[in-house]
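These notes are about the structure you will find just below.
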Ligand code: COA
């Protein structure tokens with residue numbers, strides 16, 4: 011069974027992450043399905059917006075850690091990259107609808123969206139450093155430009171959760187929305203977007219995102235370091251600890 015639902019309605023592609031029993035942790039198949047969904051509307055001539063959201067009690071708990079733990083296979087697997095590059099390159103406006111937790115790539119991907127609505131109880135976290143990893147998919151470039159070096163350092167070097175209020179205050183969110191209203195707020199924005207002329211909509215986004223070459227370069231640089239970190243003892247210790255539900259052994263996490 012696929013854990014990604016993708017459907018097009020009223021000129022909007024909605025991608026729903028649907029693996030609630032695992033907190034919507036993302037596997038290779040799920041990245042592949044999301045990449046495919048985004049690429050499939052690239053030239054269909056009618057879709058004008060993309061929504062990404064999660065089923066259950068959170069947006070996503072990030073990359074599936076058991077996939078991370080198989081680092082030698084991961085090094086050869088391009089699904090995550092295919093999804094993130096498709097997301098970063100799409101000409102259509104992307105609206106994220108976030109609730110519960112947005113962990114790791116669940117927060118990273120928001121930096122590539124154009125509208126981000128979150129419920130007030132949402133917790134964001136970029137825990138890479140606590141897993142012996144490094145920032146990914148241009149977050150080390152985009153985040154400081156969005157929130158400033160000092161906040162980006164706190165979020166990326168301490169790897170602690172931060173609130174929707176913090177995220178809003180530092181420019182990561184379009185709006186904080188009540189849980190009961192978030193569906194309709196997102197639908198209203200989608201309806202407004204799809205009513206705009208297609209050429210103007212695409213070109214406005216293209217003009218706003220004139221830095222794609224720099225972003226792709228940063229992604230490549232981060233990826234090399236990320237793969238190195240992934241196979242290092244600190245990361246392997248962190249993954250094993252999570253999967254065995256035990257504390258990290260500080261002797262192995264240096
Ligand atoms: N990868 C694989 N499985 C995950 C996961 C992940 N990223 N996040 C959650 N799960 C699984 C848990 O192992 C658990 O599985 P089980 O029921 O078979 O034991 C199930 O989802 C529920 O998670 P649980 O930890 O019990 O829920 P919680 O509400 O107590 O905590 C989180 C939620 C998101 C705070 C916690 O699951 C977590 O920290 N996950 C890891 C996040 C992470 O570090 N992601 C990688 C980012 S780079």
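Numbering (this note's numbering), first residue to last: 11 to 264.
Idealized CB from N, CA, C, for every residue including glycine.
Because the structure is a prediction, the values reported are computed rather than measured.
Whole-Å CB distance - residue i paired with residue j, under 8 angstroms assumed
i: residue 9; j: residue 34; result: A question about residue 9 goes unanswered here, because the residues of the chain that appear run from 11 up to 264.
i: residue 151; j: residue 224; result: 7 angstroms
i: residue 245; j: residue 168; result: About 18 angstroms; that fails the 8 angstroms criterion.
i: residue 215; j: residue 124; result: 7 angstroms
i: residue 105; j: residue 177; result: The Cβ separation is near 16 angstroms, so there is no contact.
i: residue 153; j: residue 166; result: 7 angstroms
N- and C-terminal bounds of the beta strand (DSSP E) containing residue i
i: residue 175; result: Residue 175 -> not in any beta strand (DSSP E); alpha helix (DSSP H) instead, spanning 174-179.
i: residue 111; result: 111-113
i: residue 17; result: 14-19
i: residue 256; result: First-last for residue 256: undefined, no H or E at that position.
i: residue 135; result: 133-135
i: residue 160; result: Run containing residue 160: none in the beta strand (DSSP E); it sits in the alpha helix (DSSP H), 159-163.
i: residue 59; result: 59-64
i: residue 185; result: 185-187
Endpoints, the alpha helix (DSSP H) within which residue i is located
i: residue 125; result: Counting along the chain, residue 125 falls outside any alpha helix (DSSP H), though it belongs to the beta strand (DSSP E) covering 125-129.
i: residue 246; result: 243-253
i: residue 29; result: Taken as a continuous stretch (DSSP letters only), residue 29 belongs to no alpha helix (DSSP H), as it is neither H nor E.
i: residue 106; result: That residue, residue 106, is in no alpha helix (DSSP H); its beta strand (DSSP E) goes 104-108.
i: residue 47; result: 38-50
i: residue 202; result: 192-204
i: residue 269; result: Here the chain comprises residues numbered 11 to 264, so residue 269 is not present and cannot be evaluated.
i: residue 235; result: 222-240
i: residue 215; result: 208-218
i: residue 71; result: Per DSSP, residue 71 belongs to no alpha helix (DSSP H) and is neither H nor E.
i: residue 96; result: 89-99
Within 8 angstroms, strictly: CB atoms of residue i and residue j
i: residue 69; j: residue 112; result: yes
i: residue 204; j: residue 42; result: no
i: residue 61; j: residue 187; result: no
i: residue 24; j: residue 13; result: no
i: residue 77; j: residue 38; result: yes
i: residue 26; j: residue 72; result: no
i: residue 247; j: residue 263; result: yes
i: residue 156; j: residue 93; result: no
i: residue 127; j: residue 185; result: yes
i: residue 129; j: residue 89; result: no
i: residue 107; j: residue 48; result: no
i: residue 139; j: residue 36; result: no
Beta carbon proximity, residue i to chain D, threshold 8 angstroms
i: residue 26; result: You won't find chain D in this structure, because it holds only one protein chain.
message: Measuring CB atoms only, is the segment 158-175 touching the segment 237-250, in the sense that at least three cross pairs come out at less than 8 angstroms?
response: no
Under 8 angstroms: do the segment 94-101 and the segment 69-83 share three or more Cβ pairs, one atom per stretch? no
Task: Contact between the segment 247-254 and the segment 179-198 (3+ Cβ pairs under 8 angstroms) - done: no
Okay, do the segment 139-148 and the segment 110-127 touch, 3+ Cβ pairs below 8 angstroms being the bar? yes
Does the contact criterion of 3 or more C-beta pairs under 8 angstroms hold for the segment 166-173 versus the segment 124-137?
yes
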